[in-house]
Amino acid sequence: MLWWPFCRFVAALSMLPLVGEGVVPMRWRVLVALVLSLSLWPVLAKGGVPPIDPFSLAGMALAAEQAIIGACLGLAFFIVRSLLTLVGYLCASQMGLAMAAMNDPMNGEASEPVSLLMVCLGTLLFFIADAHLIAVAIVGRSFEVWPIGGGLPLGDLAGLLRALGWTLAAAVTLALPVVLTTFVVQFGLGLLNRAAPALNLFSLGFAVTTAVGLVVLSAVIPALPAHYLALTERVLDALGPVARPI
C-alpha cells in the first residue's frame, strides 16, 4: 500500500525548512508526499510490504513508526536552519535589537530583524545547496536501510540526535565575533561613563553598539554559506548509512 511510504514522506516534508512551515499549505505537502510515494511504489512492491490493515492497531503503530522515522530525517535538516536563526537572535540581543520584534511568517511569531534575515538566508542556502533534493533522496534511501515493518532503528536515531547536540555550541561559535565585539564596546562605554558621568551615554551607547554590531555582522555574513555547507555535511555524516550513497 502507498500509506506506509506516504506517512514517512509527509512527516519528513513537514519538518523541512520552508516546505514544512505555514507558508506552504498542508495540501501541497500531502500532494508532494503522494507523488513521491507513487514514484517509489514499484521498488517497494518488489521488496515486499507487510500486509497489515492500516485501520488496525498494528497498522496505526506501523504508521506512527514511519512518521517518527520521517520526522527525524527532516528534523536533521531543520536544525541546521534553526542554528542560523539562533545566531541571529544572539547577535540581535547583543546589539540591542531584541526589542525590535517583527512578524515572522515562517514561524508564525514575532522575531528580531536579524533573526528574520538569518531565516531568509538559511532558507535560501537550503535550496541553493539542493538540500531539499538530498533530503528527499535520503528518505527514499531510508526504505532500503530501514524497511517498512522492520521496527524503529532506535540505535541509529539516538545516534543521530546525539550528533545534533552540537547545535547550540555551533550557534554560539558563529555569533562569537558579534558578541565579543559588542561586549568590548559596552565595556568601554561603561568605563567612559565612570570617567565622565556628565555624558549622556544611554542614547550614544545604544547607537554605537548597534552600529559596531552591524559592521561586524556584515563581515560575518559572507562566511556563513561555507559554514552552512559544512554543517550540512556534518548532518549527512550523522545520518550514517542512510546518506552514504548521496
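Residue numbering for the sequence shown follows our numbering, starting at 1273 and increasing by one per position.
Glycine included, each C-beta is placed from N, C-alpha and C at the ideal position.
Please read these numbers as outputs of a predicted model, since none were measured by experiment.
Assumed close pair residue i, residue j - CB separation to whole angstroms, cut-off 8 Å
i	j	result
Phe1281	Val1417	Not really, about 15 Å apart at Cβ, beyond 8 Å.
Ala1283	Ala1343	4 Å
Phe1349	Leu1288	6 Å
Leu1593	Tyr1500	Because the chain here runs from 1273 to 1518, residue 1593 falls outside it and cannot be looked at.
Thr1514	Arg1413	Note that residue 1514 is Val in the sequence shown here, rather than Thr. That belief holds up - the Cβ atoms of Val1514 and Arg1413 are roughly 6 Å apart, short of 8 Å.
Ala1447	Leu1362	4 Å
Gly1360	Leu1405	Not confirmed; about 26 Å, so no contact.
Val1451	Leu1308	42 Å between Cβ atoms; not a contact.
Ala1510	Leu1432	5 Å
Leu1496	Leu1393	7 Å
Gly1331	Ile1324	5 Å
Other residues of its chain near residue i: CB distance less than 6 Å, five sequence neighbours each side excluded
i	result
Pro1449	Val1488 and Val1492
Thr1439	Ile1351 and Leu1355
Cys1279	Ala1335, Gln1338 and Ala1339
Leu1424	Glu1337
Residue i classed as buried or exposed, judged by whether at least 16 other C-beta atoms fall within 10 angstroms
i	result
Pro1314	exposed
Ala1426	The sequence given here places Leu at residue 1426; Ala does not occur at that position. Exposed, because fewer than 16 other Cβ atoms sit within 10 Å of the Cβ of Leu1426.
Met1298	exposed
Phe1455	exposed
Val1391	buried
Met1367	buried
Thr1445	exposed
Leu1329	exposed
Phe1399	exposed
Asp1428	buried
Phe1415	buried
Val1507	buried
Gly1294	exposed
Leu1471	exposed
Ala1430	exposed
Ala1468	exposed
Ala1333	exposed
Ala1317	exposed
Leu1347	buried
Leu1358	buried
Endpoints, the alpha helix (DSSP H) within which residue i is located
i	result
Ala1403	Ala1403 to Val1417
Glu1337	Leu1329 to Met1367
Asn1465	Thr1439 to Ala1467
Ile1400	Pro1385 to Ile1400
Pro1497	Leu1496 to Leu1511
Val1296	Neither: Val1296 is in no alpha helix (DSSP H) and is coded neither H nor E.
Val1282	Trp1275 to Met1287
Nonlocal neighbours in the same chain, by C-beta distance under 8 Å from residue i, ignoring five residues either side
i	result
Arg1301	Val1282, Leu1285, Ser1286, Val1291 and Gly1292
Val1321	Met1273, Trp1276, Ile1420 and Gly1421
Leu1503	Val1352, Leu1355 and Ala1442
Ala1401	Tyr1500, Leu1501 and Thr1504
Phe1478	Gly1368
Gly1512	Asp1428, Gly1431 and Leu1432
Neighbourhood of residue i by C-beta distance below 7 Å, restricted to the same chain and skipping five residues each side
i	result
Leu1463	none
Leu1369	Glu1384, Pro1385, Val1386 and Thr1482
Val1457	Val1480, Thr1481 and Val1484
Ala1403	Phe1349 and Thr1504
Val1296	Leu1290
Val1304	Leu1285
Leu1310	Leu1274
Closer than 7 Å: residue i CB and nearest the ligand FAD heavy atom
i	result
Phe1350	As far as ligands go, the structure on display features none, and thus does not contain the ligand FAD.
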